[in-house]
Structure formats: C-alpha cells, structure tokens
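Have a look at the structure below, then the notes.
2 protein chains.
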Amino acid sequence: MSDGETHGTEAEVIFHISKKDRFPDWYGEICRVAELADIRYGVKGFTPFLPWSVMTMEVMFDILERVLQRKGHLPMLFPSVIPESNLTRETEHVQGFTPQVFWISEYGEGVKLEERLALRPTSETAIYPMYSLWIRSWRDLPLKRYQRCTVFRSEVKSTRPFLRGREFLWIESHNVFATHEEGLAQVKEDLETTKEVITEEYGIPVMVFKRTQWDKFPGGVNTYAADTLMPDGKVLQLPSTHDLGDNFARSFDVKYVNKDNETVYAFQTCYGPAISRIYGGMISVHGDDNGLRLPFKLAPYQVVIVPIFKGKNMNEIVQHCRAIESSLKEAGMRVYLDDRDATPGWKYNYWEMKGVPIRVEVGQREVKQGKVAVFRRDRMSRETVALEGLTKRVRALGSEIDHALRSEAEARFEGLVVDAESLGQVEDALDKGKIVRVPFCTSQMDGMSCGEEIKNKTGGEVRGTRIDVEEKPTGVCVVCGKVAQEFVYVARSY
Amino acid sequence: MSDGETHGTEAEVIFHISKKDRFPDWYGEICRVAELADIRYGVKGFTPFLPWSVMTMEVMFDILERVLQRKGHLPMLFPSVIPESNLTRETEHVQGFTPQVFWISEYGEGVKLEERLALRPTSETAIYPMYSLWIRSWRDLPLKRYQRCTVFRSEVKSTRPFLRGREFLWIESHNVFATHEEGLAQVKEDLETTKEVITEEYGIPVMVFKRTQWDKFPGGVNTYAADTLMPDGKVLQLPSTHDLGDNFARSFDVKYVNKDNETVYAFQTCYGPAISRIYGGMISVHGDDNGLRLPFKLAPYQVVIVPIFKGKNMNEIVQHCRAIESSLKEAGMRVYLDDRDATPGWKYNYWEMKGVPIRVEVGQREVKQGKVAVFRRDRMSRETVALEGLTKRVRALGSEIDHALRSEAEARFEGLVVDAESLGQVEDALDKGKIVRVPFCTSQMDGMSCGEEIKNKTGGEVRGTRIDVEEKPTGVCVVCGKVAQEFVYVARSY
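One line per chain: the protein sequences are X and H, in this order.
First residue of the first sequence? That's 1 in this note's numbering, and the numbers climb one at a time after it.
First residue of the second sequence? That's 1001 in this note's numbering, and the numbers climb one at a time after it.
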C-alpha cells in the first residue's frame, strides 16, 4: 500500500501456516494478515473488503467483462430493490428465494412503504418485467445483457469472507432467445466462458456438472455448474448457468411476434459468476504455507521494486528504482516501488505474504553492474537479470508463473475421482478428499431421497452428472438398489 | 447496440426537440429514445440504467478512479447496510440523514433482525468505526481510501433519471489526517480533482462555492461544492467535498498516538462525486436539438462505421469496413461497425441521436478511391479523408470535438453572474437564467432566515460564497439590511 501501513517488526509479516493441514486457520489468518477483509464490521455475514482484495477483484471483473462483451453481452444496471409483487410471480422461484430475502418496509422515521421491497437476492424478477416491455418482435432477439452488482442473501450456513457472505459481488447475465435451442447454445457458451475465464485466465481448474433436479435453480429447467476443489478436499461451486426454458417467460409475459406473425413465448438463460466467491477460491487454490500467491494476470501489483541502501547512497538507488518503475509501467505492467521507511527484509516478507508474483531488488552493487535481482514468489527463487533485458524477462516470468500455478492446481485434480459401490466406500473416499463417482437411480426428482440419504450418511452432496462425457452405468443405485440410470458425483462442499 | 435493436422507419430515430425552450421534454425524451434509462420500473425513484448510459458511466468512473489512485487513494468496498446504532452516533449527521433512510427490519418469512439495518445513504457511519480500529499511530496516517458503489436516499423532491434518484451511483472518498491543515489540503486537492475530471475530462464547466452553514454536510465543519449550469438556467450540484474537522473522529473514536506519544483525535474529509448525476449533467450540457453529443473521451463507441451498399457489392464493402474497424481498434479506439439490416439513412439518424462523435461512411466509390467520408456529430459536418491518414485524422478530430464541446459549454458561463441589490432585481435576473451575486449579512447560521426569505420570494437558493476570489462587499444585506459581511451567489437549482 502507498500509505497508512504499519511498519512493525519482521515477525509481524512472516506468515507460516500449513494450508493443507490447517486450511480453515490458513484462510482466516491470510484474510486478516494480508488485509483482504475485516470481519469485525458487526453485522453477521457483511464484511468490508479491503484494497488488496478489491484491486484484484477489479482485475478479475475486467477480464470477465471483456469476454462477455466480446461475446455480444452489453452491460446494464438495475435497481437493488425489487417490489414484492414481482418476486412472487414465479412460484418455484419465490419459494426458493423467499427464506433468504431481506425486506425493506419503511423509511425515515417510521413511514411505511406501500409495498415491501426485497433487496435483490438475484435479479430475474427485477429484470424480466422490463424485458416483457422491451421485447416485441423476433428482430429484438437475441437479447444478451449483464449487470455487475452486489446481491443479498440471508444465508443460514455459517459465513466466511468471500466464500459465503450475505452481500456478495457478482455478474449476472440475462439472455433472451427465440428458441430453446438457442438458449441451450448460450448455456454451452457460458460453460466455455467459465473455462476460458476461470481456468485459463484465473488458473482455477473446474469440473462441470449438470445439477440434479432438486438442486437446480428455483424456477429453471436445468442448472449447469462448475466446481473446483478446495485445499481441505471440499468442492466450491463456481459459476452456474441456468436453462430457464420458457418458464420465466410465461410468468413474466416475455413474448415476441415471430416471422410467421404469431405471438409466442421467448426462451431465457441466466449465468451468475460470483467474483467475490471466485476470489476466495482463487486465493485458496493458489496460496501456499507462506501466504498468498497471486497470478501475474490478476495481481494488483505485478512487480514490486525494493531499494536496498545504507544511508548516503539512498538517493542514487531510489532514482535508479524510479527509472526501472517507469520502464515497466510503460510496458503496461502494474508496478509498485516500495520506498517506505522499513528494512528490505521486512518488505520481502510483507510482499511474499501478500503474494506479489515478482520482486525486483536493487542495491548498490546492482546499480554499478547494470543488473538487478529478480525474485519469483511462486517458487521463492531468485535470479540476476541485466537491466536492458528486464522488461522482457519480467513478462516471460509472468507467463511462467501463471502457467506454473495453473499446472500445480490441475495436478491436484488428477486421480481425484474414484469409484464407489457402497455408502461405506463413499465415506472412506470423501474422508480422503476425493470426489466419488457412484451408480445412482436418477437425478430426476425421484432420486431426491437417495441424495438425502447420501448426505446424511456420508456428509457428501450429489453434485450431478457429467455433461462432457457419455457415461452409462451397469450396476444398481448405491442407495436404493434400483437399476442405476446414471453415474453421479458426490463430494463434500462449501 | 450489437443486438436486440428494432430497426424501424427513419422517423422513429429522428430526434428534434429544442433543448433551450423545452428542456424538461428534451431530457425525458432523450432518456427514452436513446435508451439511457427506463422509468417504467414501478418503484418511485428507482430506474434501470441501460447499456448506452452504463457504458458511458463506466468510462467516466474509469477516468475518475485513475485520478484518485494517482493521488494516492486506494479502493475498498463496504457493505450496503449499516447497523442503526452506528448511524445514530453523530447527532447532526443522523438528524440530517434519518428522514431519507430506507430500513431493513426483517428477512425471510417475517424473521425480525435483532437490530434494524439502514441502506447506506452515505457511508461515514459504516466506515469510521472500522477506521477507529485500523488507525493506531501517526505512521498509519494519512489514510486515503474510496469506494465505488450505489447509495440510497428516499428523496422527497421529484425524481428524474440520473439527476435525482433514490438509488444512485457514486464514488465516496474517506480520508484521515493527523492535522486539520492536512485535511484542508485534501479539500483543496479534491477541488482540483473536480476541475481536472469534471471540466477538463468531461468538458463540464463549474463554479465552486463554500456552502452556507445551513446547507453544509450534516455533522461536518464546512462543505465546498461545484455547481454547473443546466440548459434551463438552473444550477446542478456536482461533486462536493467536506471538511469534517475532528467532529466524526470524536463520535467514532478515530484516534492515534502522535510522535510525542500522546493519543489525539484525527481529522477527516470526504468527497462524493455522484457519477450518475454527473452523467445527467453531462448529457444536458453537451446535447443539442438533435439529441446527444458525447465527448470523444467518454463515448462508448467513439467511431461508428456505416457501410453503404446495393446488393451485390455488399461483401466487398463490409470486408473493407472490417479492415478499417481493425485498424482503428488497434489504435486503441472504441469502434462499432454497424452492419445491421437497415438503410444507411436510418443508421445516420440513429447514431446522431445517440451522440456518437465520429461516423465513417464507406461506399463503393470510397472503396475504389481509397477514401472515406468522415462525419463529426458536434458540427454535423462531413469531410473526405484518405484511408492511409484515417487513424491520425480521427484522433485529431476527437480532440477537436472535445475541445469544441467544452468551449461551447464554457461560453454559456460568460456573463452568467450579475449583481443585484434588491429581491426584485434578484428575481428578474433568475428569470433570465442568471446566477445572482448579492451582498448578504452572513453565511453563518444567523443568516439562515435571510436565505429562506430569498428562497420564498424568488425561488433562488443561496449557493454560498466564492473561495477562488477574495470578495468584500460594501453594501447591506439584500434581505435584512444589516451590514453585509459577504457576497453570496443565488441561483435556482435542481
């Protein structure tokens, strides 16, 4: 940070917690020490996000929005409040979300509102009544829009910064098509966007599932979601995309006149990447026992420059550092020159804990020799680079770091899925942090009680069926013994 | 828009309303026709913002945030809700804001919250309790932070898209200093930021006033605000910055240990540029009778390319357009190739109404001659440009357009201020759309009744005293006849 930091002893910024063995402690402590969020706000589940996380999430939003816009989505912004009468128009939807809704019923000194307003838990019921006004003819379709905002849900599960909060940051994309086929193509596009952004840009590997009928988006036809694996062996749901069919169109009167001059219902999809949650997943996946390890693409400061001086040669070295700062910035990098009044050792520890991918160290000897020391955080290794090649080398290192972080995360996915044929085997595998594939009666509503039994007996949740591979089981349902119609995947989850 | 637009007859997109004579109609209609906002949402004062305004506001935010970050402010994000007990800790502040606060008192199906939550009307009372925890020593100061968010106020005045809504978009910067002098220096910096961003980047001229004691920010010491002039002769308040002294520090216990090891209160300032309101002012100041005129710096599409073809030569011309699109985009410009199925004439009218600063027209003849027609929206004039010089010419035209729009707006400020020595003269001048300078007893609380009389008799509001010039009046107060201690400026306002 450029201001307001306390510069204490080195001990204060040395982070060392085993991520693997003590993940909950690791997570809580890194949020506190790296100043990502402050849980002392005083309202359960509402957490101030601090500069180091906000700046990273800005970069993450920017990457995601560029991809969405390239694919023809345009941004808009709806109010945070939804009239109660809108919310109740889709029966399944209102049943799914009402328990979580915060209500505004008065303002000022006790003035009652004519109608209660919901703080949006998600915006279908805010947006679709307007879509009903905007969409008239087949020429108005497809309509592809998104908004970037916060949403509010009174979660019953225990909250944790970024991973589960009562107000979180997301993008919600809401799209309207003439046919169901086009809607399904959009779902496919959304899943590709997930791969492109979450995995290729943020470096987070995911597995994509079609959720069961009892775990789908309330009011929709089908939900497709990406799960990643957290260090404690539980999975975390990352973006989900929903095929809404024409269910919401019927409830909200989203109709158009087709080329045959008939008035028909439109088909809709929505997609909701929650950036704050993805951020929580990203730091968990990439971090190590020494703190954060931010990908070069995402780090607020991609490079920090630390001057090393003893008294009289300070000016010369700082000037040298400024020249390096300028040239890296001109090359389009986010750079911070740390000329604060603290020891180099303190600064090293501080920025390692904060996860800055590359550090450039500049001392008297380096100035004389036209060289600098370049440190990469992911491997904690150091090399000497000649000044004239610095920009090129830093850029190359940035790519290497991103590639290495992603590969390391993907390696954890290998051998992650195991088969089981009894609930006992399921539980054993879950205890080892595995995702378990089991033959299962059905992911339609009839299978719900078997899903609940799995949950009760093993703590694992049915995450759904694979959509990228055709899988035909031959055995019987691991719970009820009926002929298995599907393989489903079971995991403990956030 | 790349999708979802209706392509009707040319009449539908021809806009023509006298901005000068019928400004309220002009404003309402351009918001509707250019698809900036939709007032049919159904909750008073809450308005969906549509892509064409959201994309422009994104650019405006980006410019403002870069300046703030360059000046050492870092972004953060606090919750949208504030516990009632926080809100009531600063007495004047709570009195000023409580009438406007929306309250959340329950969630789900009738579950009461232990403590009511306010939807933030502004975030001092959310943020300062945390500042009290974060700030310990003089080394933590200055602390310069900001957040970008929406805030909620149950306005009693009639609402209008962007200009006055019950939820609006802004940045709020909250800063803490060791001394009052540093706080006052921050106020000065904020006023410079206003000039740099609002006037130099957005092209909106402003006059800066120190507000009267009865019109300052509730709980603060002094408020300094910029006003611009709207086409109907009323002024619109743009960013205001507040010297909070140590008032809030005392209420929220924001203390630090100074270099002498004494625990003392800190001094605070805050600054609140409301981007949605500034957007409303920007389109009003720059628009003309034919619709929007967006500055080149702010337009979502700085250049639209319109192909002109008759049947068989379509492919050749569209390919030619794509090459132009690529080269302009590579030069860093925001470009839209309008290859929709509509006539060139319809597209011309459409983009003129939408205010795109530059249009490139490409037909058969142009392709053959290696030239294109370039149209600039501000002057509605056309020139022929050779392809090889196009990028350079477009960039130069962009600068010319921004300069011309700003000069035109500034010209309206000339001769705007007139002197008056009686309430009758004040009213006459206000009727002519002037800002009126009058000798006045005092802008301290003792002058409040005189201010109210001016308001009741002329409809004008006392906007405060000038801070950029020393002014010493010799006459008597235009209302009470006491010796005038100040010149104040009176205007009708939004």
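Every residue, glycine too, gets a C-beta built ideally from N, C-alpha and C.
Span of the beta strand (DSSP E) around S173(X): Taken as a continuous stretch (DSSP letters only), the beta strand (DSSP E) holding S173(X) covers E167 to F177.
Cβ of E1109(H) within 8 Å of any chain X Cβ: Cβ-Cβ to chain X under 8 Å: yes for E1109(H).
Limits of the unbroken beta strand (DSSP E) element including E1114(H): Run containing E1114(H): V1111 to L1119, per the beta strand (DSSP E) assignment.
Contacts that V1054(H) makes with chain X (C-beta to C-beta distance below 7 Å): Within chain X, the residues P75, M76 and L77 have their CB atoms less than 7 Å from the CB of V1054(H), given in chain order.
Chain-ordered neighbours of T98(X) on chain H, where CB pairs are closer than 8 Å: Chain-order list of chain H residues neighbouring T98(X): G1108 and E1109, by C-beta distance under 8 Å.
Proximity below 8 Å, CB of R120(X) to CB of I82(X): Taking 8 Å as the cut-off, the beta carbon of R120(X) is found closer than this to the beta carbon of I82(X).
Collapsed DSSP secondary structure at S1080(H) in the structure displayed: DSSP, read as helix, strand or coil, puts S1080(H) in coil.
Partner residues on chain H for V303(X), Cβ-Cβ distance less than 8 Å: Close partners of V303(X) in chain H (Cβ separation under 8 Å) are lacking, with about 17 Å as the shortest Cβ gap.
G42(X): contacting residues in chain H (beta-carbon distance under 7 Å): Going along chain H in sequence order, the residues near G42(X) (Cβ under 7 Å) are P1083.
The segment 244-251 of chain X contacting the segment 88-95 of chain X, beta-carbon criterion three pairs below 8 Å: A contact between stretches requires three or more CB pairs, one per stretch, nearer than 8 Å, and the segment 244-251 of chain X meets this requirement with the segment 88-95 of chain X.
G110(X) to Y27(X) span [Cα, whole Å]: Between G110(X) and Y27(X), the C-alpha separation is close to 42 Å.
Complete alpha helix (DSSP H) runs within the segment 1261-1333 of chain H (minimum length 4 residues, chain order): Runs of the alpha helix (DSSP H) lying entirely within the segment 1261-1333 of chain H, each at least 4 residues long, are 1275-1286 and 1314-1330 in chain order.
The segment 356-371 of chain X / the segment 298-310 of chain X touching (three or more Cβ pairs under 8 Å): Yes, the segment 356-371 of chain X is in contact with the segment 298-310 of chain X.
T343(X) classed as buried or exposed, judged by whether at least 16 other C-beta atoms fall within 10 angstroms: Around the beta carbon of T343(X), fewer than 16 other beta carbons lie within 10 angstroms, which makes this residue exposed.
Under 9 Å (Cβ pairs) to chain X, residues found in the segment 1317-1335 of chain H: Correct list: empty, as no residue qualifies.
Interface residues of the segment 1173-1198 of chain H facing chain X [CB-CB below 7 Å]: Correct list: empty, as no residue qualifies.
Three-way DSSP call (helix, strand, coil) for S1251(H) in this model: DSSP places S1251(H) in helix when its eight states are reduced to three.
R277(X) burial status per 10 Å Cβ neighbour count (16 or more: buried): It is buried - the Cβ of R277(X) has at least 16 other Cβ atoms within 10 Å.
N- and C-terminal bounds of the beta strand (DSSP E) containing L244(X): Here the beta strand (DSSP E) through L244(X) covers V235 to G245.
Three-state secondary structure assigned by DSSP to P75(X): P75(X): strand per DSSP, three-state reduction.
Option in G1345(H), D1341(H), A1323(H) and W1346(H) with minimal Cα separation from V1335(H): It is A1323(H) whose Cα lies nearest to the Cα of V1335(H).
R70(X) - DSSP class collapsed to helix/strand/coil: In this structure, R70(X) counts as helix in the three-state DSSP scheme.
Same chain, Cβ closer than 7 Å to R1293(H), five either side skipped, listed in chain order: By the criterion of a C-beta distance shorter than 7 Å, R1293(H) is surrounded in its chain by H1286, G1287, G1355, R1377, D1378 and L1405, once the five residues flanking it on both sides are discounted.
Proximal chain X residues relative to D1038(H), where beta-carbon distance stays under 7 Å: Contact of D1038(H) with chain X by beta-carbon distance below 7 Å involves M130.
Inter-residue spacing [alpha-carbon to alpha-carbon] between A226(X) and I171(X): The alpha-carbon atoms of A226(X) and I171(X) are separated by roughly 16 Å.
Close beta carbons around D338(X), own chain, < 6 Å, minus the five adjacent residues each side: Cβ neighbours of D338(X) beyond the five flanking positions: V304, V306 and K347.
Against chain H: residues of the segment 154-174 of chain X by CB proximity under 7 Å: Residues of the segment 154-174 of chain X with a Cβ closer than 7 Å to any Cβ of chain H, in chain order: S154 and E167.
Beta-carbon neighbours of S1105(H), restricted to chain X and to distances below 9 Å: W103, I104, S105 and E106, listed in chain order.
Backbone CA spacing between W1214(H) and M1445(H) [nearest angstrom]: Each residue's alpha carbon lies about 6 Å from the other.
Chain X within 8 Å of S1018(H), Cβ atoms only: In terms of beta-carbon proximity, S1018(H) stays away from the interface with chain X, with every pair separated by 8 Å or more.
R340(X) vs L430(X) beta-carbon contact at 8 Å: No. Outside cutoff.
Buried/exposed call for D1047(H), threshold 16 Cβ in 10 Å: Residue 1047(H) is actually Thr in this sequence, not Asp. With 16 or more other Cβ atoms within 10 Å, it is buried.
Supposed close pair F217(X), H242(X) - CB separation, criterion 8 Å: Here F217(X) really is in contact with H242(X); their C-beta atoms are around 4 Å apart, less than 8 Å.
Strand pairing of M1207(H), partner residues [DSSP]: Within the DSSP secondary-structure output, M1207(H) pairs in a beta bridge with D1227(H).
Local conformation of D1003(H) per DSSP, three classes: Bear in mind that the predicted position of D1003(H) carries a pLDDT of just 37, short of 50, making it unreliable; the figure below should be weighed with that in mind. If DSSP states are grouped into helix, strand and coil, D1003(H) belongs with coil.
Proximity test, Cβ basis, 8 Å: V1064(H) and chain X: Contrary to the premise, residue 1064(H) reads as Leu rather than Val in this sequence. Not one chain X Cβ lies under 8 Å of L1064(H).
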